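Asks:
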Amino acid sequence: AQKITQTQPGMFVQEKEAVTLDCTYDTSDPSYGLFWYKQPSSGEMIFLIYQGSYDQQNATEGRYSLNFQKARKSANLVISASQLGDSAMYFCAMREGTNNAGNMLTFGGGTRLMVKP
Amino acid sequence: KAGVTQTPRYLIKTRGQQVTLSCSPISGHRSVSWYQQTPGQGLQFLFEYFSETQRNKGNFPGRFSGRQFSNSRSEMNVSTLELGDSALYLCASSLVPRTSGKDEQFFGPGTRLTVL
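Sequence order for the protein chains is A and B.
Quick note: the first sequence uses our numbering, first residue 1, plus one each step.
Quick note: the second sequence uses our numbering, first residue 1001, plus one each step.
Given below as structure tokens:
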């Protein structure tokens, strides 16, 4: 079974609108972390946001927020006020266990976001 | 603060050769992980080093190996290159143990390896 599933291979969004990128995960470990990364065409993976399994509140970082629904095992990324520079691949990833035990990330297949002017 | 650096950025090798890639983590980060990214398999974990010890390993053949030095810099080596080893190789550094509730893993720009 896939541990991280991103069901949207590609998405379009109009500039200045908000967009939600879906991510569902599967783990039996009570301690885990969820990450979102942006990968522009240059190839570098840019860290966007992190949500810990025990965090009580949804994570936010500027225009990025994470809609964390633990019971549904989903961790959707919300980008508000899309900009042309947001066009890129977006990856959801999970680390199982605490990072003191290991930092291995399992990645989803990614979503290609295209922002239209 | 300087980010994660990887050298070289691009490499072209032929089948059967071996290659060594280098990764320097963010200052103070002691964990370095390596990933392989290909169009067909996506992003796959290779191994993680922490305090000069490999503490996690992905499902890759023994041709893939790595090490970490006392200054936390890491190298990975691929011997007897195959066409399928053509990929973007990314390394990530992380602060362990965490000093805050937030976990962050920062990636370098990657090394793009082409095997002919």
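Glycine is no exception: its CB is placed at the ideal position from the N, C-alpha and C atoms.
These numbers come from a predicted model, not from an experiment.
1. What's the C-alpha gap between residue 94/A and residue 1010/B?
2. For residue 78/A, which of 62/A, 53/A and 3/A has the nearest alpha-carbon?
3. Terminal residues of the continuous beta strand (DSSP E) containing residue 1048/B?
4. Are residue 4/A and residue 32/A close, meaning C-beta to C-beta below 8 Å?
5. Nearest chain A C-beta to residue 1040/B closer than 8 Å, yes or no?
6. Buried or exposed for residue 53/A, please, with buried defined as at least 16 other CB atoms from any protein chain shown within 10 angstroms of its CB.
7. With DSSP as the reference, please indicate the residues paired to residue 1013/B in a beta bridge.
8. Would you mind reading off the limits of the beta strand (DSSP E) that contains residue 1020/B?
9. Below 8 Å between beta carbons: does that hold for residue 1113/B and residue 1017/B?
10. Bridge partners for residue 5/A per DSSP, in chain order?
11. Closer than 8 Å, CB to CB, is residue 1018/B near chain A or not?
Replies: Taking the structure as given:
1. On the first sequence, position 94 is the one that residue 94/A refers to. On the second sequence, position 10 is the one that residue 1010/B refers to. Their Cα atoms are separated by approximately 28 Å.
2. Here residue 78/A corresponds to residue number 78 of the first sequence, with the count starting at 1. With distances taken between Cα atoms, residue 78/A lies closest to 62/A.
3. Here the question's residue 1048/B lines up with position 48 in the second sequence. Here the beta strand (DSSP E) through residue 1048/B covers 1042-1050.
4. For the purposes of this step, residue 4/A is taken as residue 4 along the first sequence, with counting starting at 1. For the purposes of this step, residue 32/A is taken as residue 32 along the first sequence, with counting starting at 1. Going by C-beta atoms, residue 4/A is not nearer than 8 Å to residue 32/A.
5. By one-based count along the second sequence, residue 1040/B stands at place 40. No, its Cβ sits nowhere closer than 8 Å to a Cβ of chain A.
6. In the first sequence, counting from the first residue as 1, residue 53/A sits at position 53. The residue is buried, with at least 16 neighbouring Cβ atoms inside 10 Å.
7. Here residue 1013/B corresponds to residue number 13 of the second sequence, with the count starting at 1. Its beta-bridge partners are 1115/B.
8. One-based indexing of the second sequence puts residue 1020/B at position 20. Residue 1020/B -> beta strand (DSSP E) spans 1019-1024.
9. By one-based count along the second sequence, residue 1113/B stands at place 113. By one-based count along the second sequence, residue 1017/B stands at place 17. Not a contact, by the Cβ cut-off of 8 Å.
10. Your numbering for residue 5/A matches position 5 in the first sequence. 24/A.
11. Working through the second sequence from its first residue, we reach residue 1018/B at position 18. No, no contact with chain A.
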